[in-house]
């Protein structure tokens, strides 16, 4: 029988948009088999990162076969995102064997040895498990994936553009990305697809683009990626857009709603994990243990007033971020923003 994604949940968003916290919340469900950014390790051969609507059918088979193969993956980078969480399909002995094999495989990879991870989930019938695919590079493929997998469910995770920009800049300063600026070309300028769309949709000239600050470049990348995704997902009822900030302000209500929409039950494992991730704080760049409200609005203290104004000036040209702009008018001061924003 052709695989249609009946047990698949797609959690897609841009980098630094809270996707890992969301994904590990889903991973807390005991029936979930979690795959962390698998395309970074096992590329979807022959499939471009952005798929035009007219090409959906062309890539349908490749996307469907890749999704069906997620449960069989045994790479530690895909299976080994900590913390390790208990599973209904892993008893105590198998759970310890599973986690030990991940750790051993990770160490072996550092000396160029490839050891597969113990993966009992690959032998389970599809109806026994829910596969969760988290991606920060697949937003341009998400509409095509939902076309290829008519029974899959998806969540598009969006972070306020200013929070996204601030987090990217923090990563650049701490060099967690290495030497290459993320989401831009090798020279730090906008990639060609983004340049073309900025010029076509918003009328920027080559000189306008050359004069963009780093904050403005990241903002335009956020705008174009979400413009394109939301336009093509507007008629797809199986995809739920969610703002990261809304989850931070009321995580219990937000996650319960997402679980219900994706067909997962809410249970004590998830309750405990949610409490653990929100009651303690770890400043690690990729940590999921953080005060969510503090993290969500940290950008208000990290970005300069001029940077915030320039970000808001771009967002006022778009519709995608309009719901988040009310407390962020470019003429407001930091004090008035704090007064109008109940989370401060």
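Residue numbers (this note's numbering): 35 to 378. We put the beta carbon where it would ideally sit given N, CA and C, even for glycine.
| query | Which value, in whole angstroms, describes the spacing of the CA atoms of residue 342 and residue 294? | reply | Between the alpha carbons of residue 342 and residue 294 lies a distance of about 36 angstroms.
| field | Counted within 10 angstroms of its Cβ, other Cβ atoms place residue 324 as buried (16 or more) or exposed | value | By the 10 Å Cβ count, residue 324 comes out buried.
| query | Do residue 42 and residue 186 come within 7 angstroms of each other at the CB atom, strictly closer than that value? | reply | Contact flag set, yes.
| Nearest residue (CA-CA) to residue 107, options 93, 89, 74 | The candidate whose alpha carbon is nearest that of residue 107 is 74.
| message | So, for residue 122: in the same chain, excluding its five sequence neighbours on each side, which residues have a beta-carbon less than 6 angstroms away from its beta-carbon? | response | Excluding sequence neighbours, residue 122 sits near 64, 65.
| said: Helix, strand or coil for residue 140? Go by DSSP, reduced to three states. | reply: Note: residue 140 maps to helix in three-state DSSP.
| field | C-alpha gap between residue 92 and residue 264, whole angstroms | value | Cα-Cα distance, rounded: 21 angstroms.
| message | Going by DSSP, what residue range makes up the alpha helix (DSSP H) through residue 253? | response | That run of the alpha helix (DSSP H) goes 248 to 267.
| message | With the cut-off set at 7 angstroms, would you say residue 169 and residue 40 are in Cβ contact? | response | Their beta carbons are not under 7 angstroms apart, which means residue 169 does not touch residue 40 by this criterion.
| field | For residue 242, the nearest candidate out of 135, 131, 111, 224 (CA to CA) | value | Shortest Cα-Cα distance from residue 242 to any of 135, 131, 111, 224 involves 224.
| Just checking my contact of residue 142 with residue 149 at CB under 8 angstroms: how many whole Å lie between their CB atoms? | Here residue 142 really is in contact with residue 149; their C-beta atoms are around 5 angstroms apart, less than 8 angstroms.
| field | Which of helix, strand or coil DSSP assigns to residue 84 | value | When DSSP states are grouped into helix, strand and coil, residue 84 belongs to the coil group.
| Rounded C-alpha distance that separates residue 198 from residue 80 | A direct Cα-Cα distance of roughly 29 angstroms separates residue 198 from residue 80.
| message | Count Cβ pairs between the segment 157 to 173 and the segment 127 to 142 that sit closer than 8 angstroms; are there 3 or more? | response | Because the criterion of three Cβ pairs below 8 angstroms is not met, the segment 157 to 173 and the segment 127 to 142 do not touch.
| Complete runs of the alpha helix (DSSP H) confined to the segment 107 to 134 [at least 4 residues] | Qualifying alpha helix (DSSP H) stretches, in chain order: 110 to 113.
| message | Please report the straight-line C-alpha distance between residue 218 and residue 120, rounded to a whole angstrom. | response | In this prediction, residue 218 scores a pLDDT of 48, lower than 50, which makes its location untrustworthy; the coordinate-derived value is nonetheless stated afterwards. Residue 218 and residue 120: Cα-Cα distance of roughly 38 angstroms.
| For residue 232 and residue 254, believed in contact at Cβ under 8 angstroms, the rounded distance | Going by Cβ atoms, the distance from residue 254 to residue 232 rounds to 5 angstroms, so yes, they are a contact pair.
| Runs of alpha helix (DSSP H) wholly within the segment 166 to 198 (minimum 4 residues, chain order) | Counting only unbroken stretches of 4 or more residues, the alpha helix (DSSP H) elements lying wholly within the segment 166 to 198 are 176 to 182, in sequence order.
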